[in-house]
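4 protein chains.
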Amino acid sequence: MRTGIWLVGARGSVATTTVVGAAALRAGLVPATGCVSALEAFDGVPLPGFDELVFGGHDVVGTGLVKRAEQLAEAGVVPRGLPGVLTAELDAADAEIRPAPPGTEEGGDGTPDQASAAGAIVADLTGFRERLGLDRVVVVNVSSTQPPAVPHPAHASAAALREALARGERPLPVSSLYAYAALRAGCAFVDFTPSTGARLPALDELAREQGLPYAGSDGKTGETLVKSVLAPMFARRALRVRSWSGTNLLGGGDGATLADPERVVSKNASKGLVLEAELGHAVEGGVHIHHVPDLGEWKTAWDHVTFEGFLGARMTLQFTWQGCDSSLAAPLVLDLARFMALAHRAGVAGPVPELGFFFKDPVGSAEHDLAAQYASLAAWARSVGAPA
Amino acid sequence: MRTGIWLVGARGSVATTTVVGAAALRAGLVPATGCVSALEAFDGVPLPGFDELVFGGHDVVGTGLVKRAEQLAEAGVVPRGLPGVLTAELDAADAEIRPAPPGTEEGGDGTPDQASAAGAIVADLTGFRERLGLDRVVVVNVSSTQPPAVPHPAHASAAALREALARGERPLPVSSLYAYAALRAGCAFVDFTPSTGARLPALDELAREQGLPYAGSDGKTGETLVKSVLAPMFARRALRVRSWSGTNLLGGGDGATLADPERVVSKNASKGLVLEAELGHAVEGGVHIHHVPDLGEWKTAWDHVTFEGFLGARMTLQFTWQGCDSSLAAPLVLDLARFMALAHRAGVAGPVPELGFFFKDPVGSAEHDLAAQYASLAAWARSVGAPA
Amino acid sequence: MRTGIWLVGARGSVATTTVVGAAALRAGLVPATGCVSALEAFDGVPLPGFDELVFGGHDVVGTGLVKRAEQLAEAGVVPRGLPGVLTAELDAADAEIRPAPPGTEEGGDGTPDQASAAGAIVADLTGFRERLGLDRVVVVNVSSTQPPAVPHPAHASAAALREALARGERPLPVSSLYAYAALRAGCAFVDFTPSTGARLPALDELAREQGLPYAGSDGKTGETLVKSVLAPMFARRALRVRSWSGTNLLGGGDGATLADPERVVSKNASKGLVLEAELGHAVEGGVHIHHVPDLGEWKTAWDHVTFEGFLGARMTLQFTWQGCDSSLAAPLVLDLARFMALAHRAGVAGPVPELGFFFKDPVGSAEHDLAAQYASLAAWARSVGAPA
Amino acid sequence: MRTGIWLVGARGSVATTTVVGAAALRAGLVPATGCVSALEAFDGVPLPGFDELVFGGHDVVGTGLVKRAEQLAEAGVVPRGLPGVLTAELDAADAEIRPAPPGTEEGGDGTPDQASAAGAIVADLTGFRERLGLDRVVVVNVSSTQPPAVPHPAHASAAALREALARGERPLPVSSLYAYAALRAGCAFVDFTPSTGARLPALDELAREQGLPYAGSDGKTGETLVKSVLAPMFARRALRVRSWSGTNLLGGGDGATLADPERVVSKNASKGLVLEAELGHAVEGGVHIHHVPDLGEWKTAWDHVTFEGFLGARMTLQFTWQGCDSSLAAPLVLDLARFMALAHRAGVAGPVPELGFFFKDPVGSAEHDLAAQYASLAAWARSVGAPA
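Chains as they are written, first to last, in our numbering: chain L, 20 to 407; chain V, 20 to 407; chain W, 20 to 407; chain U, 20 to 407.
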C-alpha cells in the first residue's frame, strides 16, 4: 500500500522533521517515539508501513531538504549525523517538491485566477501519484497559519464554488485552495494548521461527492495537549475552574507568524476551545502568544489555573511546558497520513471526527477530552481496518 | 436510607471539614463543589442524600468539633461564619465521637489484647447504628498514616486471625484492627490513608464471608491526581517519560506525620504506583515529602518531568500544585460513603475496584488512569444502582 | 513633627491599606513588616514617628474607609478584626477626605479651567495643614495609572505653564495638576504611579523655586523588584541575558486599569527600564499584563529568562511571584512620606534621586540595582538627617 | 606572569571545561562570557592574561582530556567542533596530569602515610612549576565533595600537624592533604568544593607562615547564587521570610556523589548559610538534593519561598533554575586562579575574604550578599593590584 504524503510547506521545520524521521524509521535508526499509530493498540490495523510512505510537496522556499535538515540538527531538533546518513532519501523527497504555483501566494495580483492555480496543483498531485506508482496520496497542510477566511458566497455549496471559479474569481483562502485541489485530484486532505482548509460547506460537499476523507485542524502538540487532560480532570472531580491563563513564548518562524495580530486570531480561537467544551462554562484568562526569537525551534508555555474546591477553598495549578513543536508535530503527521490512507481505502467520505485526538479544533467533533478521543480513535481504527 | 459515616480520626482536619461541609450542604449554604457523586453523571443513582448522612467516630483528641471548625476557618479551609451557623449540627456529631478504645494506640503496653479492643469498637459502632436508627454504617479511616504492617502469620486467613486473637495476641496494625472491627460490626470499610486497613488476606476473606464491601487506599487528592492524567497523556502520545521527580511541601499535622521516615514509606509507595502502571516501565526520580510547618493546612507540590519525543528530542514539563488537602479530601469522603452505602445495599462483597477513581493505590485494580477509572465508576454506579 | 500624608486616590486599596496599617502600627497591634524606614539602618534618623502621621486626601469614590477596610479584610489583604478595632482612626482619616474637585477628572467638559481646579486643591491642602496643625504635608499619588502625557508647550517652563493656566487652558495631565497644586501649596509630592506627576520641566522648575522635593515614579513592589536584583546578578557574573519575558496576571482595579491599552503604555515603559540599565544592552521579550478579575487584590507574575554562560551554554531561570500589591505598596507609602518629610525639612529642592530604591522609574537617577539604591538611600538619610 | 593552574580532579567535567575554555579564549574563538575577571570593572588590574595560564593536575581517572571534551560536547556543555580544534592544547594539558599519588584515595589501607603522600604531591607541583618555568602555581580543588572532616588533635596547630605526620599518622581528610601539600610547595590553594581543604587551624597557620593565600569554599554557581541576591532583597524591603525550601535535581557525577548521605552533609551545610546570614534569623525549609541521572550534566533547582508583608499578608516566590554546573563553574575557576595569582604576588597570606563573591561558604567572611561581595572584590582587586 504505497502511500504518498504531499506536504504543503514541504521545506518548513515540521515537514523536514517528518521526512527525516520517516527515513530514519525506515532505516531502523530510531524508535517510533511519538508515533501514536505505532502503539500496541494499533497492532493488526492495516496501516501503510513506514517503509511504504513516499514524500513530495509544495513550498515557496528553495533551500533543499538536506540543508534544512542540517539547520534542524544545529538547532537540536534532529540528531546530528542523521542528515548525513539520509542524504539519498532527503534528495529523493526534495526531487518531488514543486514550487508553489502562481496564484497560491497570499494577496497576489489576482493572476492567475484560482481555477488555474488549482489546476496546477492538481497536475502536480496527479503527476506525483502516477510517476511513483502510489496507491493513494494524502495532502497535509503544514504551512504557516493564515488569518481567518473572509466570508464569500461561494463557500456555501460545491455548485456555488464551481461557478465562482469558472467566473475567474478568487473566493478561497490559500489553505482552502489546496484542499479544493487535493479533493479534485482524488486525495485525502489534512489541515495540521488552524487555517480554514476544507472547513467550508462547499468543500465538505465536494469531499462527500468524491468519497474522500478530510481531517483537521491545528495539531494538538503542546499546551493544548496538556489542557485536554487537565480540564477533564477538574470536571471529573467537580472542581470549579475559575481562571485559566496561558502564555506561550515561541521562537522561530512559528513565533514570527503568530506575532501577526491577524494570524494569531486563528490560533487563539482553536486554543481556547478545549476549556469551554470540557468545563461546561466560559473561563476567565485567555491564551497569549509572544514571539521570543532567542527560543529558536523551542517553545515554552506557562499556564496558570485558579480553581475552587469544597466550601469555596481557592487553589492554584501552574504548569510550564518546554517543548520542540517540530519534534511533537512530525510523528503526528506520519500518524495522520497513515490513518487517512486507511480511511480513504475504507471509503470514508467527509470529515473523520475520530481523528480529533490529534487536533485542537477537531472537525466534526465537539469532544476535546484526550482520553475519550483516544478511545474513539482506537475503536474506529480497529473497526475501519477490520477485514470485510 | 439513613447512612452513618463513622470516621476514624473524627476530629482531624479532613474529618472536621467533612462534617462541616455535609452540614453546610444540608442547609443549602454551599454548592456541592468537589463532590463527584453530585455530578450529573450520577443523577438517578440511588445514593443516600446529603441530608441522610449522620456522623460519628473515634479520636484520641478531645478538642470539640466546633473549636476544630473554628481553627479551620482561621486557617482558611472553611469559610468564616460557617462554624457559628452550624453549631447544632457540629455538636450533634461531636456527641457521637468516642475516645479511641484502649489497645488502639500504636505501640502501647500490650493490654488489653486486640480481641478486647475490637470488641469495644464493635460496641461503639453497633450502638451508633442502633441509637440513631441507621440503615447502615460506613467506617472511613482518616487518621494519621501508619508505617507498613509487620508481617504476621495471622494475616494469612480469617481462621488464623481468629485463632491469634483468641490466644490474646496483637497481630494487626491499628488501621487493620479498625477494619476488622468494622467488618465484625457489619459495616463497610474505607481506608482513605495508605495504612494497611482491610488489605490483608484474612480481612478480605472476612469481608467476603460477611457480604461486606471494602475500598481504599490513600485518597488521590493532589499531586497524584494530576499524575493520573498526565502519565496516560504521555503514554497515549507515545512520548517516552525519562524522569519524574516530585517534591511535596506539607504543613500541618500531615507534614509532621510524613516527616517520620517510617510512616512516609507507606505514602511514597502509594504515590509511586501510577507512573509504572501507566507508563509501562520504571522511571527515575521518585517522590519526596518535606515538612514546612509554615504552610499550615496547605500543600505545594512541584513535579519535574523529562521526556523524549521523535528522534530523541528532550523536553520538560513542570507543574506546581497549591492545594488544601482537607478541602480536596472531604468531598471525596462524602462520595465514598455514598457509593459504599450503595455497594453495601447491593450486596457487593470484598473490594470495590470501581472506586479506584478515588485512590492512589486502588485495592483490587491495577488501573491508574483517571479517565478510565471515571468511566468504570460511572458504569458501575449505574449498574449497581439499577432497579432490580 | 506632625506630618500630613495627603493621598490622591484616598479610598483605593493602597491608600486604605496605608491608613489601616499606620493606625495599627500606632496602636502597637502589628510589627512594621515591610516598612523600610523602620529597619535598624535608619535608627537615629529624625523621621516623623508613625504616631505623628495624619491622613487626608482626595477621591472620586464615596465609600467610607471603614467599609473599604472591611472589603480588604474580606479579600485577605488586612487582618479581619482590625477594621473594627480601628474605626475611630479610620473615621478621622475619612473626615479629611475631600471629593476630587471639578476639573480633575480625565477628559471632562473643559470647565472649570485647570487654574481653578488647582486652586481648589490648594485650598484643600492648606486647610488640612492648618486645621490639623501639621508641620508639613506630603502629597502621594496612589490613584489609577494614566496614559502618557500629551505634549504641550506649557510643559517646557514654569513661566509657560503659568501663562497657559492664566489663559484658561488645560495643559496638564491630571497627575501633574495634582503635583502642580501640591507644589503651589508648599507640599512635597510623590508619584507612586507611572503617571507623569511632577516629571515635567515646568514642574521641576517650580519645585526648585519653591524649595520643595519631589519623588517618583511607579512603586517597585513585585516583579520589577525581583528583576532589580536578578539583572545585576547576571551582570556581575558576566552571564549574558538573551531574553526576559514577563507576564503579569492582575485582578482587581489595577488589572482593569491596565487592561486599557493606552494606560498600560505608561506601566510597561517603567517596567522595562531596569533590564537595559543593568544589563547594558536591549533584551528580547517584554512585559505583558493581563487582567484576571478572579485574582482579586492578588497578582501573579511569571518571568522567563534565557541566558548564556561560558562557551555559549544556554540556561534558563524562571520565577513566579504571588503577591498582594496593596500589602507591598502601603508600607512604602509610609516610608516615602517619612523620608520626604525629612527631605522637606532639610531643604532638599527638586527630585530626590536617593529615593530611587522605591521606584521602577526613579526620577533623577539611572541606577536600578536594588543593592546600590539601598546603599544610596541609607547614606543619604544619615547625611540629610544629621544634626546641623 | 605565567601562572600554573593545578586542578585536583583534572579530568572531571569542571576541570575539562576549564581547560577547553581557556584554550578557546586564548585562540579567540569565544567571548569571555561568565568570566568575572574579564568585566570592565577589572580593567587595569594586573591579572595574568588568559594566554598566560598553564594547566596541570591530579586525577584518578585515566580518560584523556580530548576524549572527556568530546563527551562534554556530546552532552551540550561545550560546542561541538571545539575539542577537535583544540587537540594540541588539550594534549599539552593532559601531559601535565599525574595520577593521584598513593595515599590520597579516601579510605585506603593506611599505606603510605600522609607525609609520603604529601611529599609525592609536592614533587608533582614543584616539577610542574619548574619544568614549565611558571612564576607561580594556584592549586584548585575541583574533585568530588567529601564528607565533613573527622576531628583530630593534629588539626589544632601547624606544630601538632607536623608532629602527627612525622609519626606516620593520617590525620587529614584528602582535600586537606592536598591543601597541605600545596602550601608546602609554595602554591596558593583554592577549594571550589565544600570539602575541608585549608579550613583547619593548622593549615591556616601554615599558610600565614609561608606567606601564601588560600580561598574557598564551594563555588556559588546556581541556586545559592540566586539566593544570595533574593535574601538581601527581602531583608532590604523588611519583608519577613517564613520558609525557604530548595530542591535540587542533579544528574551526572555530582548527583551521584551527593546522593551519598554522608557527603551531602558538607554540601547542605554550605548551601544553608546564606539565608540565616542575610535574613538574620533561622528559616524553615532546608535544601534537598536528589539524583536524577537523566539530567546528565544539567541541573534543575526549584526554590519555594513564603514570606510575610505588611499586616501579615502572606505571599510566595518560586524560582526554577536550569543550569549546567560545569559551564557556570569553569569561568569562576579561571577567575579564582587569576585573582589568587594577584594575591600571591602581592604577598597576601592566609584566607582571602574578598573572594567570598565566588563561594557559598566564604572562608574568612560572614558576608553572603552578592552585591556587597562584588563591591568588596572590586575594591580589593584595585587596591592589591595598584602599583606600589
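Ideal placement from N, C-alpha and C gives every residue a C-beta, glycine not left out.
Out of curiosity, what's the CA-to-CA distance linking residue i and residue j?
{"i": "D279(L)", "j": "H309(L)", "result": "10 Å"}
{"i": "G271(W)", "j": "V306(L)", "result": "20 Å"}
{"i": "V141(U)", "j": "L84(L)", "result": "59 Å"}
{"i": "A88(L)", "j": "D154(L)", "result": "28 Å"}
{"i": "G241(V)", "j": "A257(L)", "result": "14 Å"}
{"i": "G404(U)", "j": "V371(U)", "result": "14 Å"}
{"i": "A137(V)", "j": "A204(V)", "result": "10 Å"}
{"i": "E71(L)", "j": "L355(L)", "result": "14 Å"}
{"i": "G68(W)", "j": "I116(W)", "result": "22 Å"}
{"i": "L374(L)", "j": "S195(L)", "result": "19 Å"}
{"i": "A332(V)", "j": "L48(L)", "result": "14 Å"}
If you reduce the DSSP assignment to three classes, tell me which class residue i lands in.
{"i": "A332(W)", "result": "coil"}
{"i": "T36(U)", "result": "helix"}
{"i": "P166(L)", "result": "coil"}
{"i": "P232(U)", "result": "strand"}
{"i": "D380(V)", "result": "coil"}
{"i": "K239(U)", "result": "coil"}
{"i": "A207(U)", "result": "strand"}
{"i": "R189(V)", "result": "coil"}
{"i": "A178(U)", "result": "helix"}
{"i": "D132(W)", "result": "coil"}
{"i": "R117(W)", "result": "strand"}
{"i": "L48(L)", "result": "coil"}
{"i": "L26(L)", "result": "strand"}
{"i": "R218(U)", "result": "coil"}
{"i": "R357(L)", "result": "helix"}
{"i": "R155(W)", "result": "strand"}
Taking Cβ-Cβ distances shorter than 9 Å, what residues in chain L pair up with residue i?
{"i": "Y199(V)", "result": "The premise fails here: Y199(V) is roughly 31 Å from chain L at the closest Cβ pair, so nothing lies under 9 Å."}
Residue i touches chain V at which residues, Cβ-Cβ below 7 Å?
{"i": "Q337(U)", "result": "T339"}
Interface residues of chain W around residue i at Cβ under 9 Å?
{"i": "D273(L)", "result": "Near D273(L) there are no residues of chain W at all, since even the closest Cβ is about 16 Å away, more than 9 Å."}
{"i": "P312(L)", "result": "S262 and E303"}
For residue i, which residues in chain V fall below 8 Å Cβ to Cβ?
{"i": "C54(L)", "result": "A257 and F329"}
Starting from residue i, find everything on chain L with Cβ-Cβ shorter than 8 Å and list it in chain order.
{"i": "Y393(V)", "result": "R255"}
Which residues does DSSP list as the beta-bridge partners of residue i?
{"i": "L268(U)", "result": "H309(U) and T319(U)"}
{"i": "P370(W)", "result": "Y233(W)"}
{"i": "W340(W)", "result": "A320(W) and L336(U)"}
{"i": "F326(L)", "result": "V260(L) and M334(L)"}
{"i": "E303(V)", "result": "S262(V)"}
Using a C-beta to C-beta distance shorter than 9 Å, which residues of chain V count as neighbours of residue i?
{"i": "V251(L)", "result": "Note that residue 251(L) is Pro in the sequence shown, not Val. Those are V248, L389, A390 and Y393, listed as they occur along chain V."}
{"i": "S384(L)", "result": "Those do not exist, as S384(L) stays about 17 Å from chain V at its closest Cβ, beyond 9 Å."}
Run down chain U in chain order and give the residues with a C-beta less than 8 Å from the C-beta of residue i.
{"i": "T36(W)", "result": "F329 and L330"}
#### Entry: Those runs of the alpha helix (DSSP H) which lie wholly inside the region 245-293 of chain L and span at least 4 residues
271-277
#### Entry: 3-residue-minimum beta strand (DSSP E) runs that sit fully inside the region 57-91 of chain V, ordered along the chain
72-78
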